[in-house]
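Residue numbers (this note's numbering): 108 to 445.
Cβ coordinates follow ideal geometry from the N, Cα and C atoms, glycine included.
Here the structure is a predicted model, which means the values were calculated and not measured.
Working notes, beginning with the structure itself.
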Amino acid sequence: MISTWRESDRSDWTPSHWLLELLGTRLVARGTEPPVFSKKEKVPAVREWTIHLWIFLHGLTPLVLQQAYVVYTGRTLHPFAVFWLYTTAFYGTGVRLVQNIRRLGRVYGFLDGDKHERDDIPDVGVGRVTTELLTVPILRIAMSVYLSYRRTQLPLSFNWGWLFLEIGVYSITVDFWFYWYHRLMHSVTPLWKYHRTHHLTKHPHPLLGAYADHEQEFMDIMGIPLLAYGTLKLVGLPMSFYEWYICYQYVAFSEIIGHSGLRIHGSAPSTVNWLLEMFDAELVIEDHDLHHRYGWRKSHNYGKQTRLWDRIFGTCRDRVEGHKENIDYENRVTFPLF
């Protein structure tokens, strides 16, 4: 993938170029090089609780602001106000996550770094990536407001016990629908044309999850989340607007960091990882990285939240750097809060 736009004449830049630059999406700062490690050097493990703390700190922010408004004014928010509040918060969380990934990359480097640097947003994809990034929060929050927002329900009135269950079940359910949709995109010839663009990157940038054709992006942004939401409602879980928003934050975190290639051993965050680990079915950053690096029409590691369905249906690929014997549990990584 050719990416020269960051060094090109800025007078030729479009608003999309400027937005990506101003948001700090450059994975490796100008004039610096990330550390490079051989594949036999141990991969440091992440303190999982610091990821949960980061997600809750950012995910609960709009809920707290809305609750404070209701308590102070005695009025509930109109659906349009809720839409703008939570969409803005979604944007802010995504930007902060990419900036954190860049900070961690300066210290811990990237997977397969001894062979290849990370891809950047390609010249031909600047507009497409920007459009998709702007679209994700808008469409997801609009869908959630329409289907689940109730003005009579206060932000912090939901049952926390249900929330912790829903976070885990939602990620597994999202992954079930995503696994089969993703696997079919690879194996059914007429569908491959909608997924091929996304696989042009072999060492993806965190934002290249959005480098895809519109048909794929529609399913990623709305189709799969809607199927998962409907499934959870069908089995009787509450899934209020606020619970769904927190579940979104977990899924979005995995979507972004899963395309980062960070050389750290961290599972896609979930409240049921302890159970998934019993069956070697948790997903780590390297799993989706290998899907891009070695996958084309025939592939593996189709899941993007867990490896549960890959494990059940026999499509897991062995890890190269993050196998159990090569994990450093002594020098753990703390995911930075700020």
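Please name the residue, chosen from the options, that lies closest to residue i on a Cα-to-Cα basis.
i       : options                               : result
Lys-321 : Ala-359, Thr-242 and Tyr-357          : It is worth fixing the name first, because residue 321 is His in this sequence and not Lys. Comparing Cα-Cα distances from His-321 to each of Ala-359, Thr-242 and Tyr-357, the minimum goes to Thr-242.
Gly-232 : His-430, Lys-405 and Ser-110          : Ser-110
Trp-112 : Asp-230, Arg-210 and Gly-220          : Asp-230
Leu-444 : Leu-211, Ser-145 and Thr-139          : Leu-211
Val-150 : Ala-136, Phe-163, Glu-393 and Leu-254 : Glu-393
Met-108 : Ile-434, Pro-311 and Glu-428          : Pro-311
Phe-348 : Gly-181, Gly-216 and Ser-255          : Ser-255
Glu-350 : Arg-418, Gly-268, Trp-416 and Thr-296 : Gly-268
Ala-375 : Thr-157, Thr-168, Thr-413 and Thr-183 : Thr-413
Tyr-355 : Glu-273, Leu-134, Ser-123 and Glu-239 : Glu-273
Leu-383 : Asp-119, Arg-418, Thr-195 and Ile-162 : Arg-418
Ser-264 : Ala-175, Tyr-193 and Ser-377          : Ala-175
Go ahead and pull the three-state DSSP assignment for residue i.
i       : result
Glu-437 : strand
Ser-377 : coil
Val-150 : strand
Val-135 : coil
Thr-422 : coil
Ser-145 : coil
Gln-206 : helix
Arg-414 : coil
Can you find the residues in the same chain that come closer than 6 Å, C-beta to C-beta, to residue i, ignoring five residues on each side of it along the sequence?
i       : result
Thr-200 : His-165
Val-276 : none
His-366 : Pro-311, Pro-313, Leu-315 and Gly-316
Arg-439 : Ala-152 and Arg-154
Going by DSSP, which residues form a beta bridge with residue i?
i       : result
Phe-217 : Leu-369
Val-391 : Ser-374
Confirm, please, whether the CB-CB distance from residue j to residue i is below 8 Å.
i       : j       : result
Asp-221 : Arg-400 : no
Ile-434 : Val-205 : no
Arg-370 : Tyr-179 : no
Val-177 : Leu-307 : no
Phe-442 : Ile-158 : yes
Arg-225 : Leu-127 : no
Leu-397 : Arg-424 : yes
Met-385 : Leu-333 : no
Thr-237 : Ser-123 : yes
Within the same chain, show all residues whose beta-carbon is closer than 7 Å to that of residue i, passing over the 5 residues directly before and after it, in chain order.
i       : result
Ala-335 : Tyr-277, Thr-280, Val-281 and Trp-284
Leu-415 : Ile-279, Asp-282, Leu-383 and Ala-388
Ser-406 : His-293 and His-398
Just to confirm my understanding: we take residue i, look at its own chain, exclude 5 residues before and 5 after, and list those with CB closer than 8 Å. What are they?
i       : result
Ile-245 : Thr-194
Beta carbon of residue i: closer than 7 Å to some heavy atom of the ligand GDP?
i       : result
Phe-420 : Annotation note on the ligand GDP: not contained in the displayed structure, which lists no ligands.
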